[in-house]
Every structure is written in structure tokens, then in C-alpha cells.
Ligand SMILES: NC(=O)c1ccc[n+]([C@@H]2O[C@H](COP(=O)([O-])OP(=O)(O)OC[C@H]3O[C@@H](n4cnc5c(N)ncnc54)[C@H](OP(=O)(O)O)[C@@H]3O)[C@@H](O)[C@H]2O)c1
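In the working numbering, the protein residues as written are 11 to 292.
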């Protein structure tokens, strides 16, 4: 359930669009922004994800949460979707690019098609929607864009395609933050660590994997969807008014320590410390 640390009227009269808002982290983001008073639009590809979430959140908030289908890889649909949102709500103050996904695979097994699909969703999809919202609303009116990515500081073995896409989003965010600052648009990234979201169950053995991964997190637990949503709420609210082009890591210290990928053990070579001819080993 949503924290009460955010005042209920912080986003009153504002409109927030959350992609991937029908599942996991996206629902938590939609919920917290809704509780802060925003009119919320959630969108993703599948009506079976969006419709029950829109109905459930509408009931919870006591006002309509709009649910629309949109595949962020389909550029024409994305532009039409933004038009549809503006027609229904009149404005878009906050865009949360949370929709995305990938499959886990050793790099040497990723096919061209698999690589292209992950880049198309996570990098190009984020660009396409951000650009459409900017063109149709934010360049004239300002706003906040928050991109949900993943931990990019270290390598992310098993997800070479997605970490490349997300690092691209990080760099794009810093760049657009500068280019679009004069238009009153702020852009930031939130990088979740390992989060106990329903999305985890999409991976084979996801629950067990998540359980084991807790050992490699300094705080020794998974993050919750709400803990990611609260960071987004901060950035969407007036508390984030002077913050742009930054990346916020919500990972219980995961980036700082621990392993996720077993590198095969080999017998280490002898330690080769070369001495000069006039030096003697002590
Ligand atoms: N859970 C974690 O530990 C974790 C960690 C780091 C980053 N993340 C990222 O955080 C975001 C949310 O993840 P989650 O854990 O909540 O997993 P999730 O439930 O699988 O969320 C992904 C969402 O993206 C939507 N989506 C996928 N492809 C799309 C497309 N082409 N167009 C529009 N929407 C699309 C999906 O809905 P449809 O299937 O209906 O399209 C789904 O609602 C994802 O970008 C994920 O990669 C998660």
C-alpha cells in the first residue's frame, strides 16, 4: 500500500502516463501518482493486463484511471496514443517510461532477432514515446519524464541486450535533460535493483532466482515495487523541481557489492613477481 509520506494533493490537476502500468512496478507507480492527485493513464500492449488494473485502481482511488493499449515499438500507434490521451485529459505533465522487458540469455546465444526486439522496446520505445509526448505537449508546456531502467554501472551478465539499451536510455536522458531544459522538461532515470515484482515470475525459475539473489544484496532482501514508485513520486513532485539528467539507484546496495554470474573456476596461474637482477627475494 502506498506511503502517506506524499501529500495527497501534490499532483492535483496533473496528468501522468505510466507505460507498463498494468503490472508489477508500473501498477505501484500508477497507484502512488494517483494517490498524489494525478489523473493517471496506464498503457501497455495487452488489454488483459491493462483493463483489470485500470478497473482495480479506479475503484481504489475513487476516480477513473484510464487504461489504453499501446505497443511502444509501434511508432504510429505511439503518436496516435499520445493524441488520444491529450484528447481525453487535455495535458500530460508526467511521463513514466516503465514498460519494457527482456529475456535472460548468455550473450553468445542471443539471436539477431532477440537483440533487435530488446533494443526496440527498451531503447527505441522510450525514445519514441518521449519524443511524441514532447512534440505534442511538453515542448510547449514543460513536464517531467522519468525512465525506469536497470542497473547499468557494472556489467549485467545474462542481459547484454537490455543493459546496452538501458545504458543508452541513461545517456539519452542526460542529453535530453540539457537540450530540453529550456522548454521546462526535466528528465531523470530510476534504476531498480532486484525487485519483488510480478515481472520476476516471467523468468524461468524466477521466484527461486530472486530468493537466491537476496544473498548478494547488502540489505539482504529484495526491493518492493512501492520502493521504486516512491523514488518516481519524488521526481514527479515539486520536490524534484531542480533535479534533471540524473540517475537514481534503488537497489539496497546491490550495485556496490555481490555477484550474479558464476565465472567458471580455474586453477590460478603461479604468482609471477619479477625482480630486477640486483634484487633478492626476501
Ligand atoms: N523487477 C525487477 O527486478 C526489475 C529490475 C530492473 C528493471 N526492471 C524494469 O522495470 C520495468 C517494470 O518491470 P516489472 O518488474 O514490473 O516487470 P513486468 O511486470 O514484466 O513489467 C513490464 C511491463 O512492460 C509492458 N510492456 C512490455 N513490452 C511493452 C511494449 N512493447 N509496449 C508497451 N508496454 C510493454 C508489459 O505489459 P504488456 O505485456 O501488456 O505489454 C508490462 O506491464 C521493466 O522495464 C523492467 O525491465 C525491473
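For glycine and all other residues, C-beta sits at the position ideal for the given N, C-alpha and C.
CA nearest to the CA of residue 116, picked from 272, 23 and 279
Reading the chain shown from its first residue, position 106 is the one you call residue 116. Among 272, 23 and 279, the Cα nearest to that of residue 116 belongs to 272.
Measuring CB atoms only, is the stretch 193-201 touching the stretch 216-235, in the sense that at least three cross pairs come out at less than 8 Å?
Touching, no.
Would the C-beta of residue 230 count as close to ligand 1, meaning under 7 Å from any of its heavy atoms?
What you label residue 230 is simply residue 220 of the chain shown in a count that begins at 1. Not one heavy atom of ligand 1 lies closer than 7 Å to the C-beta of residue 230.
Output needed for residue 173: all residues of its chain with C-beta closer than 6 Å, excluding positions within five of it in sequence on either side, in chain order.
Position 163 of the chain shown, counted from the start, is the residue given in the question as residue 173. Around residue 173: 162 and 166.
Counting along the chain, where does the alpha helix (DSSP H) carrying residue 62 start and finish?
What you label residue 62 is simply residue 52 of the chain shown in a count that begins at 1. Where residue 62 is concerned, the enclosing alpha helix (DSSP H) stretches over 57-71.
Would you say the beta carbon of residue 109 is closer than 7 Å to some non-hydrogen atom of ligand 1?
Position 99 of the chain shown, counting from 1, holds the residue named residue 109. The answer is yes for residue 109.
Own chain, CB closer than 6 Å to residue 30, minus 5 neighbours either side, in chain order
Taking the first residue of the chain shown as 1, we reach residue 30 at position 20. Once the five neighbours on either side are set aside, the close Cβ partners of residue 30 are 36, 54, 108 and 109.
At least 3 beta-carbon pairs within less than 8 Å: the stretch 124-139 vs the stretch 79-87
The stretch 124-139 makes contact with the stretch 79-87, as at least three CB pairs between them are under 8 Å.
How would you label residue 283, buried or exposed, when you count the other beta carbons within 10 angstroms and need 16 or more for buried?
On the chain shown, position 273 is the one that residue 283 refers to. Exposed, because fewer than 16 other Cβ atoms sit within 10 Å of the Cβ of residue 283.
DSSP-derived helix/strand/coil call for residue 120:
Reading the chain shown from its first residue, position 110 is the one you call residue 120. Looking at residue 120 - three-state DSSP - the assignment turns out to be coil, as it is neither helix nor strand.
Relative to ligand 1, is the shortest distance from any of its heavy atoms to the C-beta of residue 199 smaller than 7 Å?
Against the chain shown, residue 199 aligns to sequence position 189. No, since every heavy atom of ligand 1 falls outside the 7 Å radius drawn around the Cβ of residue 199.
For the pair the stretch 112-131 and the stretch 62-69, tell me if three or more CB-CB distances fall below 8 Å.
Because the criterion of three Cβ pairs below 8 Å is not met, the stretch 112-131 and the stretch 62-69 do not touch.
Inter-residue Cα distance where the pair is residue 255 and residue 203:
As a position in the chain shown, residue 255 is number 245, starting the count at 1. As a position in the chain shown, residue 203 is number 193, starting the count at 1. Roughly 19 Å separates the two Cα atoms.
Can you tell me the Cα-Cα spacing of residue 135 and residue 268, whole angstroms?
Position 125 of the chain shown, counted from the start, is the residue given in the question as residue 135. Position 258 of the chain shown, counted from the start, is the residue given in the question as residue 268. Their Cα atoms are separated by approximately 31 Å.
Evaluate residue 293 with the Cβ neighbour count: other Cβ atoms within 10 Å of its Cβ, from every protein chain shown; 16 or more gives buried, anything less gives exposed.
In the structure as shown, the chain begins at 11 and stops at 292. Residue 293 is therefore absent and cannot be evaluated.
Closest to residue 49 by C-alpha separation, out of 73, 206 and 154, would be which residue?
For the purposes of this step, residue 49 is taken as the residue at position 39 of the chain shown. Just measuring C-alpha positions, the residue of 73, 206 and 154 sitting nearest residue 49 is 73.
Contact the stretch 247-264 vs the stretch 211-220: 3+ CB pairs below 8 Å
No, they do not touch.
Quick check: is any heavy atom of ligand 1 less than 7 Å from the C-beta of residue 55?
As a working mapping, residue 55 is identified with position 45 in the chain shown. Yes, Cβ of residue 55 sits closer than 7 Å to a heavy atom of ligand 1.
Assuming residue 6 and residue 112 form a contact by the criterion Cβ under 8 Å, report the distance between their Cβ atoms to the nearest whole angstrom.
No answer is possible for residue 6: the residues shown for the chain start at 11 and end at 292.
Give a single yes or no on whether residue 202 has its beta carbon closer than 7 Å to a heavy atom of ligand 1.
Looking up residue 202 in the chain shown gives position 192. Between ligand 1 and the CB of residue 202, the shortest heavy atom gap is smaller than 7 Å.
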